[in-house]
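Protein sequences appear in the order of chains A and B. In terms of our numbering, the first sequence has 24 at position 24, counting the first letter as 1, and numbering is strictly consecutive. In terms of our numbering, the second sequence has 1211 at position 211, counting the first letter as 1, and numbering is strictly consecutive. Glycine included, every Cβ here is placed at the ideal spot set by N, Cα and C. The block underneath contains the structure these notes are about, expressed in C-alpha cells.
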Amino acid sequence: MSSSSGSGRSDAMDAATPIAAQNTAPPLVVAGVSHAFGGREVLRDVSLAIERGQRLTLLGLNGAGKTTLFSLITRLYDHRSGSIRVFGWEIKEKPSEALARIGAVFQQSTLDLDLSVAQNLFYHAALHGIRRRVAAERIAAEVERVGLSDRLGDKVRQLSGGQRRRVEIARALLHRPQLLLLDEPTVGLDIASRQFLLDHVRDLCRDEGLAALWATHLIDEVDAAGQVVVLHRGRVLAHGAVADVIRETRASSMRGAFDTLTQERAA
Amino acid sequence: MSPAHYYRCLAGIVRREALRFLNQRGRFIAALVRPLVWLLIFATGFHFVLGVSIIPPYETYVPYEVYIAPGLIGMIQLFQGMQSSLSMVYDREMGSMRTLMISPLPRWFLLVAKLLAGVIVSVLQAYVFLAIAYFWDIEPPALGYLTVLPALILSGMMLGALGLLLSSAIRQLENFAGVMNFVIFPMFFASSALYPLWRVKESSLTLYYICLANPFTHAVELIRFALYGEFEPLSAAMVMGSLFVFMLAAIYGYDPSRGLIARRVVAE
C-alpha cells in the first residue's frame, strides 16, 4: 500500500505530480508555511526540506512551534498558507498518499496502556489496512530489532518509559514508511534508552535510506555531521549543515550558534 | 486504498474497542450496575407510587419496572455514547487519538468506524442488562429480543454520534463533568424514560414539548416498541434525522481545515 502505483487513489493523481515525479521527489518539503491559533501566530513562513537517508534535527526551545509543525505535517489540522509535500504529495490535497509514507512518534506516548504490546501493534497495522498475517511477520521483525521480542504479550503499562518508546518506534515502522517523524522522542528517558533511540534512527537512515525529522530541544542530540533547522518562536533562524550553521554564526559549537541566533532574534 | 483496507481498518478499530472494554472490568460493571440500581431500587420503590395506564405498545397494565426498562437500556446507550466521547477526549489528551488520525484512510471513515465500534459495545451491554432484567420479571416476548436489535443499533449510533460531536468540541478531560450535567442528566430526565409523556403533559406543557423534541425520548420509544415487536415510525424518523445531523456535525468538527479541532490551541 505504500506504493503509489498500487494505490486505488492513483487514478486521482493530478497532472502536476506524475508517478515518476513521486519516486524522485524529496521525502519532505515544507515551503513558506505559516499557522496561527486564533490571533496567535505560531509558525511564520517556515521552510525546510529533507533528503533521503538524512536525519534532520529540528532544534527549538519549548514553544518554538515544533509540535504544531508536526501536527500540520501529519494533518491533524490544515496549514493556512504555504505547502507541505511528502514525496511530492501535497498533504492537504492527497492526505492518504502522504500519510501512508509517514511513520510518526509523537511527544506524548500514544500507546494504549491497558492493551498488550502485540495488541497495540496489530491495531496500528489494521489502521493502515495491513493484512493480519503480514502484520504478524512485521511485528515480530520490528520488535526483535528493538529488543522486545519477549515482551509482546505484556501490557504496555508494565513497560518502562524507554521500552514504550521502543515499541512506538517499532509501531511507526510497521507500514514501511519512508519518512519518520519524531517529536521530542527522548523526553523523560534515561541515557541508555536515549542513546538506543539515537543509534536506531541513525541506522535506519543510513542502512535503509529512511528520512527522519527529529525534533528536540536538546542541543547534544544534534548530529555534528548532519543537518539542522533552528526554529525559534515560530521562525526558522537557520537551516543547513551543522558545520555551516556554526561557521556562519562565528560560534565554536552548536550551542554557541544556537545562543547567537536566538539572542539576535531577542535583540 | 481497496475495500479490503477499509475492512481491515474497521475490524481493527472494533477489536480495539472490544479489548479495551473487556480489559476495563470496572467500566463493564459500572455500565451494568447503573441501570440495575434504577431497576432494582428506584423502580421497586416507585412500584405503587407511579401508576402507568395502558399505553401502546403495552396491551395491559404494566408494573413500573417494565415501563422503565427500555428507558434504562437507553440510559446504557447514552452513557456508552458519552463514554466514547470521554475516551475520544482522553485519547486526544493522551495522544492515541493521533494514532487514529494519521491512518491514511479518510477521516470520515475513521470516525464512522469508531462510532460503529462503540455501538457494538453498547448493544452487548444492553443484551446483558436484558438478560439480568429477565429475572426481575422484565419479560418481553421472545421475538422482541430479536426485533429490538435494529432499534438498539440505530439509537446507539445516534447517541454515539452525539458523543463524537461533543468530543470534537470539548477541550479538556475535566469537562466530562459538564457533559454529565448539561447533556446526560437533562436528556435522561426530559424524556419518556422514567414517565410516560401524557403524564408530563398534565404537569407542564412546555416540558412536554421539550421531551417531545428530545432525541433521547425517541430513542427510548423506538426501543420500547421494538422490544414488543412493533415499529414506531415517528421515533425512527427522529432518531435517524438526529443521527444524520450529529454525524455530519462531528465530521465537520474533526475536519482538519474547517472544524473545531483546527481552532484548538495546542500546548507545545
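Item, Value
"8 Å Cβ cutoff met for B/I1153 and B/V1121", "no"
"With 16 other Cβ atoms within 10 Å as the buried cut-off, status of A/I191", "exposed"
"B/L1194 versus A/G103: straight-line alpha-carbon distance, rounded", "50 Å"
"Cross-chain neighbours of A/R75 in chain B, by beta carbon under 7 Å", "P1256"
"Buried versus exposed call for A/D207 [16 or more other C-beta atoms within 10 Å across all chains shown]", "exposed"
"Where A/S3 falls: helix, strand or coil (DSSP)", "Residue placement at A/S3 is flagged as unreliable, the pLDDT there being 38, under the threshold of 50; the coordinate-derived value follows with that caveat. In the structure shown, A/S3 sits in coil (DSSP, three-state: anything other than H, G, I, E or B)."
"Sub-8 Å separation of B/L1159 and B/G1081 beta-carbons", "yes"
"Residues that B/I1041 bridges to, as DSSP identifies them", "Answer is none; B/I1041 lacks a bridge partner."
"Proximal residues of chain A, C-beta to C-beta of B/L1019 below 7 Å", "L115, Q119"
"Euclidean distance between Cα positions of A/D183 and A/R165", "12 Å"
"B/V1183, DSSP secondary structure in three states", "helix"
"Contact check, B/A1250 vs B/L1165, beta carbons under 8 Å", "yes"
"Same chain, Cβ closer than 6 Å to A/D78, neighbours up to 5 away in sequence not counted", "K92"
"Alpha-carbon spacing of A/V46 relative to A/L59, whole angstroms", "13 Å"
"DSSP-derived helix/strand/coil call for B/E1232", "coil"
"Exposed unless 16 or more other CB atoms sit within 10 angstroms - verdict on A/Q158", "exposed"
"Limits of the unbroken alpha helix (DSSP H) element including B/R1020", "1003-1023"
"Within the stretch 87-115 of chain A, ranges of the beta strand (DSSP E) (whole runs, at least 3 residues)", "102-105"
"Residues near B/Q1125 in its chain [Cβ-Cβ closer than 6 Å; skip 5 each side]", "A1031, I1076"
"Short CB-CB distance (under 8 Å) between A/A21 and chain B", "Summary for A/A21: the model assigns pLDDT 48, below 50, so the residue's position carries little reliability, and this model does not support an answer."
"Status (buried if at least 16 other CB within 10 Å, exposed otherwise) for B/T1206", "exposed"
"Residues within the stretch 121-134 of chain A neighbouring chain B, beta-carbon criterion of under 9 Å", "F122, Y123, H124, A125, A126, L127, H128, G129, I130, R131, R132"
"Proximity below 8 Å, CB of A/L180 to CB of A/L204", "yes"
"Under 7 Å by beta carbon: chain A residues contacting B/G1118", "The contacting residues do not exist; B/G1118 stays about 15 Å from chain A at best."
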